[in-house]
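Here the sequence shown is numbered in our numbering, starting from 52 and rising by one per residue.
From the three backbone atoms N, C-alpha and C, an ideal C-beta is built for every residue, glycine too.
A short write-up of the structure that comes next.
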Amino acid sequence: MKNKVNIYRISALLLTLILTVVRTISLKSFYDPQIGYFNSSPIVTVTDVVLILGSIWFISSAFAISKNEISVEKTSRSLYSKVAASFTAIIFLASAVFVFFYTENKFSVLAGIFTFLSAIYFISVAVDNKKLETTRAFLSMLPTLAFLLSAVTIYFDMKIAMNSPHKIMSGFAMLCAMLFSLCETRVFIERQIPRVHFAMGLITFTLGFTYSASTLIYLLTEKLSDFQRRPVALGNVGFIGIVLAFSIYALSRCFAFETTAESSDSQQQKI
């Protein structure tokens, strides 16, 4: 059972690494910043197809893993999860400043406020104090609202074409982030759905990291005018930052899931 879970974890890491490299190459070689779209190329199509097939593969984990063979705790005792939560809190704080002050869209103010408040939730996860459990249950809903408002902000930015590849991919990445965040909230209200939670975490990581990391690399390595830069940066680089940070947090949570064997070992150690 543990091997099956690890296969999904490792496949997510490898697939995400490959897709990030390939999408970065696609952006640097086949993306035309003058028109805001990719030129026709097999590599661009293959990347999209592999992302879809990868998502289907991760969804299969919800069926391949038995109901009682995997569990998730409210908070992780592992160091890497706490480090990931701390990193996410810092990025959300920094991104909130960009979103709040440097976006012209009328929804950006709310998006910036909820992005800032979401950082408080991640800080509470990093601290992992049992006295904060009730408060954390309410705070856990903030990232969902932050991604929802960010997605709405980007959607109503008329300076970015509705069928922009960046707008479409960021929309799917934020949708997955919202669904994963809702799974996190269900844990705090004792309504866990571990298999769906695990599957959404893998998809959130793969799609979110592939999109955000490749986009940031492209923005940092290419000289673009403000007009060319806007659709790539979604009007505000802060939106890309929260997707990147949250994808890393989602991965850390996926590695915090316990299999039946791991749970039995921990119980025997306590005895």
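- Here the alpha carbons of Pro245 and Cys227 stand approximately 16 Å from one another.
- Spanning the alpha carbons of Asp179 and Ser303 requires a straight line of approximately 15 Å.
- Taken in chain order, the complete beta strand (DSSP E) segments of 3 or more residues contained in the region 189 to 213 number zero; there are none.
- It is roughly 15 Å from the alpha-carbon of Ser62 to the alpha-carbon of Ser298.
- Looking only at Phe165, Lys157, Thr272 and Arg242, the smallest Cα-Cα distance to Phe198 is reached by Phe165.
- For Ala145 against Phe173, the beta-carbon gap comes to about 13 Å, at or over 8 Å, which does not count as contact.
- Residue pairing by DSSP places Tyr300 in no beta bridge whatsoever.
- Looking at the backbone, the Cα of Glu273 and that of Asn287 are separated by about 17 Å.
- With distances taken between CA atoms, Asp208 lies nearest to Phe290 out of Phe290, Ser92 and Lys133.
- In this chain, Gly87 is not harboured by any alpha helix (DSSP H), its DSSP state being neither H nor E.
- The continuous alpha helix (DSSP H) containing Asp99 extends over residues Pro93 to Ile110.
- For the pair of segments examined, the region 186 to 200 was found to touch the region 235 to 245: the number of CB pairs separated by less than 8 Å reaches three.
- Put simply, of Leu102, Val101 and Ile76 the residue whose alpha carbon is nearest the alpha carbon of Asn90 is Ile76.
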